[in-house]
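Chains as they are written, first to last, in numbering that gives the first Met the number 0: chain A, 0 to 335; chain B, 0 to 258.
C-beta: ideal position from N, C-alpha, C; glycine also.
Scroll down for the structure; my scribbles are underneath it.
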Amino acid sequence: MSNSKYATLMLGITVLLALMVLTALCLGRYSINPIDVWNVLKAKLVGEATPDEAMHNILFLVRLPRVAASLLIGAALSLSGAIYQSIFRNPLISPDFIGVSSGASVGASAAIVMGLSLQTVQLFAFTGGVLAVLLAASIPKLMRNSSNLMLVLSGIIISGFMDAIIGILRFTSRESDQLAAIVFWQMGSLAKLDTAQLFSITPPILAALILMIALSWRINILSFGEQEAKTLGLNVTRLRTLAILCASLMTACAVCVSGKIGWIGLIIPHFGRLIGGSDNTKLMPLTALLGGAFMLLIDTLARTLTSAEIPLSILTGLMSAPFFVWLLSRNRLKVL
Amino acid sequence: MSIEIRKLHFSYGDHEVLRNLDLRIEPAEVLSILGPNGAGKTTLLKIIVGLAKPASGSIVYDDLPQERLNLRQLAQLMGYVPQMITPAFDFRVIDYVVTGVAPHIGTFERPGKTHYDKAMRAIEEMHIVHLAEKSYMQISDGERQLVSIARVLAQEPSYILMDEPTSHLDYGNQLRVLQIIRRLSESGFGIVFTTHNPDNPLLLGGKTAIINRRGELFYGNSLELIREDVLSELYGIRLTVTSEVSTGRSICYMPSLAE
């Protein structure tokens with residue numbers, strides 16, 4: 000894809016995303032028309048008194064944080080998917096398929112059951128995620144089989160194991176609010192979003208995102224394979240470790256706020272490659288934007304379709320599974 | 000300015016592949032490596048570029064032992080063209096070739112116009128301009144081999160090591176790669192390549208190293224070393240090396256299919 004085409008594509012998606020944000024701010028149990036939304040936002044921006052106190056509160060305390068969280072979480076999960084796929088040279092993996100999301104959920108659930116603070120929950124989630132990915136990557140090594148299939152299988156094993164541990168936590172937790180929190184962790188939701196949480200995950204996600212985009216050209220070289228990358232002078236171990244840490248940090252931060260959301264980290268990078276090519280210098284920013292847009296769409300549907308909130312994994316699963324079958328049938332994924 | 004390999008040993012488990020091997024690689028010289036399947040030709044190349052660690056022995060580049068150089072410095076000194084490349088993701092050929100400049104630019108830097116120009120010149124040199132915009136996954140193995148050589152040209156190392164660079168190529172492209180090898184050596188590059196075809200070193204001249212099944216290495220001028228008796232023993236079949244009067248050079252052929 001040429002640079003000018005890419006610029007046009009990114010601009011188009013950004014405009015679309017802006018419209019989606021505006022729409023999402025209007026929709027909800029208490030619907031606000033776009034002109035009022037605009038007036039309230041403008042008043043806040045120029046520092047005037049707000050035209051409507053109730054609208055102001057809904058927008059700034061409820062909807063805007065939720066929209067921001069969707070964008071951030073969607074970008075984080077999709078970008079980590081693209082990174083894992085590149086560094087493991089395997090288009091079939093994603094944060095949820097390789098066990099990172101489950102590992103992070105275990106960490107977070109454990110911290111919650113122990114009644115620990117917000118920062119500790121995040122730290123536990125990150126540790127759980129990194130541990131899961133290290134385990135998943137070490138099984139193929141133990142088996143001396145580095146095929147794509149083996150890594151996918153190993154991800155399934157680790158995810159299954161982590162899910163079992165969550166099951167144990169769920170089974171043993173006596174208090175109903177803990178139980179509800181763990182169930183929420185398994186299906187993903189932004190219904191209980193807390194602005195303090197949003198502020199605490201924003202800096203690490205943005206830092207990892209910027210660092211990875213800055214290194215995206217080197218990650219291209221890493222995706223050619225370890226030997227090629229070494230003979231081009233790359234410090235493969237260091238770059239791969241950094242990429243795994245950044246991707247796991249982004250996934251863990253997302254999981255902390257929204258629980259486990261399936262599929263998005265697998266299909267959004269594929270969708271990005273389909274429209275923009277495999278070059279990570281272009282794919283990574285594109286994937287982050289697309290992921291944010293997709294998550295915003297899903298979350299807006301989740302809170303407006305029915306009177307009760309629909310768990311996010313249900314919607315991502317319903318939408319992504321057919322898309323993935325279509326991808327496979329187009330033979331775009333000759334990988335196993 | 001040379002690469003010196005001293006008393007090199009390498010084994011896979013109990014199986015000793017390379018045995019007490021000494022070799023010197025000079026700039027502006029072609030070194031062909033001949034040997035039967037499994038003799039350790041690829042292993043030797045990998046050890047020289049730093050991809051495999053020998054059991055013992057030393058490799059010294061321009062008086063600097065290998066351990067003293069980091070990967071980036073090694074990549075500025077030596078380029079490696081692997082035998083087979085299996086891509087996992089789709090890239091344009093030009094985007095692949097430009098990665099050759101990686102050892103010359105900063106960690107956070109991306110290739111700019113000058114680097115793309117350099118990649119394009121390498122592509123022109125390989126006569127594959129028609130492939131430049133194509134997808135790297137959809138070209139043939141042979142074309143990928145040419146693309147891979149173009150990348151090593153963009154890398155501009157002092158030495159270029161190629162693992163069977165002609166193995167996937169048709170007759171015309173084999174000759175083209177041999178011509179490029181000669182041209183590169185004439186312009187100062189040191190070239191090391193492995194091959195299964197004794198005619199390659201006979202055509203190119205230069206030096207030849209023969210690795211036999213016992214992991215021993217014989218080294219000499221190609222035209223003196225490649226003799227009927229040496230080749231027949233090396234491959235375990237009867238081979239004929241004769242001088243072709245019309246071209247004035249030697250060729251190697253299999254005399255008959257009879258036992």
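At a CB-CB cut-off below 9 Å, which residues of chain A make contact with residue i?
i, result
"Ala101/B", "Trp216, Arg217, Ile220, Ala228, Leu231, Gly232 and Leu233"
"Leu73/B", "Lys229, Thr230 and Gly232"
Could you name the residues of chain A that residue i contacts, counting a contact when the two beta carbons are closer than 7 Å?
i, result
"Asp94/B", "Asp278"
"Tyr79/B", "Thr230"
"Phe90/B", "Ser277 and Asp278"
"Leu70/B", "Lys229, Gly232, Leu233 and Asn234"
"Thr113/B", "Ordered by position in chain A, no residue passes the 7 Å Cβ test against Thr113/B, which lies about 15 Å from the chain."
"Thr239/B", "None at all; the shortest Cβ gap to chain A is about 38 Å."
"Thr246/B", "None at all; the shortest Cβ gap to chain A is about 36 Å."
"Thr41/B", "Neighbours of Thr41/B on chain A: none; closest Cβ ~11 Å, over 7 Å."
"Thr193/B", "In chain order: nothing, as chain A lies at least about 15 Å away."
The alpha helix (DSSP H) with residue i in it runs from where to where?
i, result
"His126/B", "Run containing His126/B: none; DSSP gives neither H nor E here."
"His55/A", "Glu52 to Asn56"
"Gly141/B", "Asp140 to Gln154"
"Thr342/A", "Since the first residue shown for chain A is 0 and the last is 335, residue 342/A is missing from the structure and cannot be characterised."
"Tyr83/A", "Leu63 to Ile86"
"Leu248/A", "Val235 to Ser257"
"Leu327/A", "Leu311 to Ser328"
Would you give the residue range spanned by the beta strand (DSSP E) that residue i belongs to?
i, result
"Ala193/B", "Position check: residue 193/B holds Thr in this sequence, whereas Ala was assumed. It spans Gly189 to Thr194 - the beta strand (DSSP E) in which Thr193/B sits, taken as one unbroken run."
"Ile32/B", "Val29 to Leu33"
"Gly102/A", "Per DSSP, Gly102/A belongs to no beta strand (DSSP E); it is in the alpha helix (DSSP H), Val99 to Val112."
"Leu216/B", "Leu216 to Asn220"
"Arg18/B", "His14 to Ile24"
"Phe9/B", "Ile2 to Tyr11"
"Ser248/B", "It should be noted that the sequence gives Arg, not Ser, for residue 248/B. Run containing Arg248/B: Arg248 to Tyr252, per the beta strand (DSSP E) assignment."
"Met0/A", "Note, Met0/A: premise wrong, no beta strand (DSSP E); not H, not E."
"Tyr29/A", "Run containing Tyr29/A: none; DSSP gives neither H nor E here."
"Ser242/B", "Thr239 to Glu243"
"Val80/B", "Met77 to Val80"
"Thr106/B", "Taken as a continuous stretch (DSSP letters only), Thr106/B belongs to no beta strand (DSSP E), as it is neither H nor E."
"Asp59/B", "Sequence check: residue 59/B is Val here, not Asp. Val59/B -> beta strand (DSSP E) spans Ser55 to Tyr60."
Return yes when the Cβ of residue j is within less than 8 Å of the Cβ of residue i, no when it is not.
i, j, result
"Arg150/B", "Thr98/B", "yes"
"Gly275/A", "Gly316/A", "no"
"Ala101/B", "Arg88/A", "no"
"Val48/B", "Leu73/B", "yes"
"Leu17/B", "Gly214/B", "yes"
"Cys255/A", "Ala107/A", "yes"
"Thr193/B", "Asp162/B", "yes"
"Val225/B", "Leu201/B", "The sequence shown places Ile at residue 225/B, not Val. Going by C-beta atoms, Ile225/B is nearer than 8 Å to Leu201/B."
"Ile159/B", "Gly39/B", "no"
"Ser157/B", "Leu30/B", "no"
"Ile181/A", "Ser172/A", "yes"
"Ile243/A", "Ile92/A", "no"
"Val92/B", "Ser147/B", "no"
"Gly166/A", "Ala135/A", "no"
"Ser221/B", "Thr241/B", "no"
"Val129/A", "Ser247/A", "yes"
"Ser100/A", "Thr305/A", "no"
"Leu24/A", "Leu58/A", "yes"
"Thr239/B", "Glu223/B", "no"
"Ile209/B", "Leu233/B", "yes"
"Ser215/A", "Thr280/A", "yes"
"Ser184/B", "Glu28/B", "yes"
"Leu51/B", "Thr42/B", "For the sequence presented, residue 51/B should be read as Ala rather than Leu. Yes, these two residues count as a Cβ contact at 8 Å."
Run down chain B in chain order and give the residues with a C-beta less than 9 Å from the C-beta of residue i.
i, result
"Asn89/A", "Ala87"
For residue i, go through chain B and note every residue whose CB falls closer than 8 Å to its CB, in chain order.
i, result
"Ser213/A", "The question names Ser, but residue 213/A is Ala in the sequence shown. Chain B residues near Ala213/A: Phe107."
Give me the chain A residues within the contact set of residue i, using Cβ-Cβ distance strictly less than 8 Å, ordered along the chain.
i, result
"Leu50/B", "Gln226, Lys229 and Thr230"
"Thr207/B", "The premise fails here: Thr207/B is roughly 24 Å from chain A at the closest Cβ pair, so nothing lies under 8 Å."
Residues, ordered as in the chain, of the region 7–20 of chain B that lie near chain A by beta-carbon distance below 7 Å: none
Contact the region 142–158 of chain B vs the region 113–131 of chain B: 3+ CB pairs below 8 Å: yes
Three or more C-beta pairs below 8 Å linking the region 213–222 of chain A and the region 140–153 of chain A: no
Positions along the region 25–36 of chain B whose CB lies within less than 9 Å of some CB in chain A: none
Residues, ordered as in the chain, of the region 173–189 of chain B that lie near chain A by beta-carbon distance below 8 Å: none
The region 72–81 of chain A contacting the region 281–300 of chain A, beta-carbon criterion three pairs below 8 Å: yes
Near-chain A residues of the region 151–167 of chain B (beta-carbon distance less than 8 Å), N- to C-terminal order: Gln154
Stretch-stretch touch, CB-based, cutoff 8 Å, three pairs: the region 191–208 of chain A with the region 112–119 of chain A: yes
Segment contact, 8 Å Cβ cut-off, at least three pairs: the region 227–240 of chain A with the region 56–73 of chain B: yes
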